[in-house]
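Heads up: the structure comes next, in structure tokens.
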Amino acid sequence: MNKTFLTVTIASLSLIACKKDGDKTDSQAAIDSTATKTEEVATVIPDSAAITKAWTEYATPGDAHKRMAKDNGVWEEDMTSWQQEGAAPMKMKMTAEIKSVFDGKYQEAVHKGDFMGMPFEGKSTLAYDNASKEYISTWIDNMSTGIMVMHGNYDEASKTFKMEGEVIDPVTKKMKKMREVITMVDENTQKMEMYDTGYDGKEFKSMEITMKRKK
1 MNKTFLTVTI
11 ASLSLIACKK
21 DGDKTDSQAA
31 IDSTATKTEE
41 VATVIPDSAA
51 ITKAWTEYAT
61 PGDAHKRMAK
71 DNGVWEEDMT
81 SWQQEGAAPM
91 KMKMTAEIKS
101 VFDGKYQEAV
111 HKGDFMGMPF
121 EGKSTLAYDN
131 ASKEYISTWI
141 DNMSTGIMVM
151 HGNYDEASKT
161 FKMEGEVIDP
171 VTKKMKKMRE
181 VITMVDENTQ
191 KMEMYDTGYD
201 GKEFKSMEIT
211 MKRKK
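Take the sequence shown: its letter number 173 is residue 173 in full-length UniProt numbering, and every next letter is one higher.
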């Protein structure tokens, strides 16, 4: 009799456990179904008019692009650079030709000079992304094979561009942080300061360029 009672009790407990598991499964299914419906609602496809309006605004130059265009022209550059904190400065003279491209949507600059007896050429692009509301710059040159990309904004009060980004270090093969500050001294004078990350992980000033517009 005791064995029979024990068997019935175990069977009853098993049925109760299965029912609870089934209830959990049903509840989870209901939650998953609700989540799926919520995702479907959140991904409503905009109509053609909304898409056209967004792309028109995205492709139309604004005040930021007019600000960029003020820098068009030929500039003389006096550059001082440091390979690391406390290193002896290296000096170099360059010229930069800056112009607007693609109907004023972007700015392109070509820099040329001699670096340690070798011809140097670099090219930068600057954009103001109407969607992300930020400036984006790129840099390439004939002494590397990488591309440096920076993001930032312009502060009207201090007349400065403040940009930050990352670039791979060819020695360590690791990404390191870079930043630059470009100050609009006046209509025909600019100062660019570049800050690098040293092998000790600390930031140091790696470059300073004074730019004067040729008249």
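All residues carry an ideal CB built from backbone N, CA and C; glycine is no exception.
Does DSSP classify residue i as helix, strand or coil?
| i | result |
| --- | --- |
| residue 202 | coil |
| residue 99 | strand |
| residue 193 | strand |
| residue 220 | A query on residue 220 cannot be resolved here, the shown segment of the chain reaching from 1 to 215 and no further. |
| residue 22 | Note that residue 22 scores a pLDDT of 49, beneath 50, so its modelled location is shaky; the value from the coordinates is reported in the next line. In this structure, residue 22 counts as helix in the three-state DSSP scheme. |
| residue 131 | coil |
| residue 210 | strand |
| residue 87 | coil |
| residue 93 | strand |
| residue 63 | helix |
| residue 53 | helix |
| residue 48 | helix |
| residue 157 | coil |
| residue 79 | strand |
| residue 116 | coil |
| residue 163 | strand |
| residue 148 | strand |
| residue 68 | helix |
Taking Cβ to Cβ, would you say residue i is nearer than 8 Å to residue j?
| i | j | result |
| --- | --- | --- |
| residue 214 | residue 75 | yes |
| residue 211 | residue 183 | no |
| residue 130 | residue 100 | no |
| residue 104 | residue 127 | no |
| residue 199 | residue 206 | no |
| residue 123 | residue 140 | yes |
| residue 208 | residue 193 | yes |
Give me the Cα-Cα distance between residue i and residue j, rounded to the nearest whole angstrom.
| i | j | result |
| --- | --- | --- |
| residue 18 | residue 148 | Bear in mind that the predicted position of residue 18 carries a pLDDT of just 41, short of 50, making it too unreliable to give a figure here. |
| residue 60 | residue 93 | 36 Å |
| residue 137 | residue 88 | 29 Å |
| residue 157 | residue 121 | 33 Å |
| residue 134 | residue 95 | 27 Å |
| residue 146 | residue 185 | 30 Å |
| residue 64 | residue 118 | 36 Å |
| residue 45 | residue 168 | 39 Å |
| residue 58 | residue 187 | 28 Å |
| residue 173 | residue 48 | 46 Å |
| residue 67 | residue 142 | 29 Å |
| residue 170 | residue 144 | 9 Å |
| residue 43 | residue 160 | 39 Å |
| residue 197 | residue 175 | 10 Å |
| residue 152 | residue 132 | 11 Å |
| residue 102 | residue 62 | 14 Å |
| residue 114 | residue 155 | 33 Å |
Does the pairing of the segment 52 to 66 with the segment 77 to 88 give three or more beta-carbon distances under 8 Å? By the criterion of at least three beta-carbon pairs nearer than 8 Å, the segment 52 to 66 is not in contact with the segment 77 to 88.
Notebook entry, point to check: Between the segment 80 to 89 and the segment 98 to 114, do three or more beta carbon pairs fall short of 8 Å?
Noted result: The segment 80 to 89 makes no contact with the segment 98 to 114; the number of CB pairs closer than 8 Å stays below 3.
Margin query: Below 8 Å, how does it come out for the segment 153 to 164 and the segment 177 to 184: are there three or more Cβ pairs, yes or no?
Written below: With a cut-off of 8 Å, the segment 177 to 184 and the segment 153 to 164 count as touching, because enough Cβ pairs lie within range.
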